[in-house]
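Residue numbers (this note's numbering), protein chains in the order written: chain A, 1 to 110; chain B, 111 to 220. For each residue, glycine too, the CB sits at the ideal point set by N, CA and C.
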DNA sequence: ATATTATATTCTTATATAACCATATGGTAA
DNA sequence: TTACCATATGGTTATATAAGAATATAATAT
């Protein structure tokens with residue numbers, strides 16, 4: 001009972017997760033909050049970006065289901081909701097290394 | 111000897127990998143070529159999209175370092191270059207399921 | 001040489017995303 | 001109440017990405 005539309009929808013939902021992770025600041029945020037929850041203020045300081053922008057990045061990561069938040073007084077604390085996301089990073093580093101290495105190989109051929 | 115600029119650059123390179131995976135058609139392609147290499151024609155048929163678009167998606171995935179290609183006669187075969195990418199999918203499905211489930215929980219509260 | 005097939009590229013247009021600045025909300029303290 | 005602090009949202013503009021159609025390349029076959 002799985003129709004074409006369902007499959008399309010599922011691929012789109014998956015793609016959204018990757019899109020949420022496709023920004024350097026958001027990756028930095030995810031890594032930062034992965035060990036323990038952090039307030040927006042802490043995150044803003046850590047990533048050295050504009051507060052309003054960080055706020056939007058956080059909202060996006062939350063909407064994607066990657067982070068969750070918790071209000072306490074004036075502060076809002078964000079934390080990693082799905083910890084397996086951290087496993088991506090090892091693999092991504094492998095891709096990055098392979099790519100950088102292939103560039104070096106090219107340089108040597110000039 | 112790792113300066114701020116290097117760190118920024120590394121996060122950007124990582125983000126590029128995720129960006130490459132942030133499109134439903136590209137995800138479908140990656141999955142399709144993960145077991146064995148496929149020609150562009152086969153891929154076009156499988157994903158049911160326009161050839162010129164698929165070609166662009168393939169170029170992007172190759173540029174990101176996720177796929178590699180091989181020419182044989184008239185055909186070009188693409189295959190998954192970094193197999194650990196497939197491990198992402200289990201985790202991504204987990205995120206998607208959690209998200210869908212939280213929507214169901216919301217529906218029941220209306 | 002010409003024709004054919006597979007794939008890639010160019011161009012245009014629509015849409016999405018990001019950054020920046022200003023303003024708004026929502027708790028807390030005085 | 002007013003003032004203050006942390007965070008979020010709105011508006012604008014610049015830039016990036018996507019889709020579609022047309023054209024170009026490159027390998028093979030005739």
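May I have the straight-line CA-CA distance separating residue i from residue j, to the nearest angstrom?
{"i": "residue 127/B", "j": "residue 71/A", "result": "33 Å"}
{"i": "residue 185/B", "j": "residue 206/B", "result": "36 Å"}
{"i": "residue 6/A", "j": "residue 91/A", "result": "29 Å"}
{"i": "residue 31/A", "j": "residue 183/B", "result": "45 Å"}
{"i": "residue 199/B", "j": "residue 85/A", "result": "10 Å"}
{"i": "residue 3/A", "j": "residue 109/A", "result": "50 Å"}
{"i": "residue 187/B", "j": "residue 69/A", "result": "45 Å"}
{"i": "residue 193/B", "j": "residue 146/B", "result": "11 Å"}
{"i": "residue 120/B", "j": "residue 216/B", "result": "39 Å"}
{"i": "residue 101/A", "j": "residue 123/B", "result": "13 Å"}
{"i": "residue 209/B", "j": "residue 203/B", "result": "10 Å"}
{"i": "residue 135/B", "j": "residue 148/B", "result": "15 Å"}
{"i": "residue 58/A", "j": "residue 49/A", "result": "12 Å"}
{"i": "residue 51/A", "j": "residue 166/B", "result": "36 Å"}
Does residue i come within less than 7 Å of chain A when only Cβ atoms are used?
{"i": "residue 113/B", "result": "no"}
{"i": "residue 148/B", "result": "no"}
{"i": "residue 192/B", "result": "yes"}
{"i": "residue 211/B", "result": "no"}
Give me the chain A residues within the contact set of residue i, using Cβ-Cβ distance strictly less than 7 Å, ordered along the chain.
{"i": "residue 125/B", "result": "22, 23, 24 and 27"}
Chain B beta carbons: is any one of them nearer than 7 Å to that of residue i?
{"i": "residue 65/A", "result": "yes"}
{"i": "residue 12/A", "result": "yes"}
{"i": "residue 109/A", "result": "no"}
{"i": "residue 95/A", "result": "yes"}
Taking the Cβ atom as the reference point for each residue, do residue i and residue j lie within a distance shorter than 7 Å?
{"i": "residue 157/B", "j": "residue 173/B", "result": "no"}
{"i": "residue 43/A", "j": "residue 54/A", "result": "yes"}
{"i": "residue 15/A", "j": "residue 144/B", "result": "no"}
{"i": "residue 190/B", "j": "residue 130/B", "result": "no"}
List, in order along the chain, the chain B residues whose C-beta lies closer than 7 Å to that of residue i?
{"i": "residue 71/A", "result": "The contacting residues do not exist; residue 71/A stays about 17 Å from chain B at best."}
Along chain B, which residues have their Cβ under 8 Å away from the Cβ of residue i?
{"i": "residue 92/A", "result": "124, 127 and 128"}
Which chain B residues are close to residue i, counting only those with a beta carbon under 9 Å from its beta carbon?
{"i": "residue 30/A", "result": "Going along chain B, no residue has its Cβ under 9 Å from residue 30/A, so there is no contact; the nearest lies around 10 Å."}
Whose Cβ in chain A lies nearer than 8 Å to the Cβ of residue i?
{"i": "residue 118/B", "result": "24"}
{"i": "residue 195/B", "result": "91 and 95"}
Check your understanding: Unbroken beta strand (DSSP E) runs of length 3 or more, entirely within the stretch 33–90 of chain A: which are they?
Key -> 67–72 and 75–80
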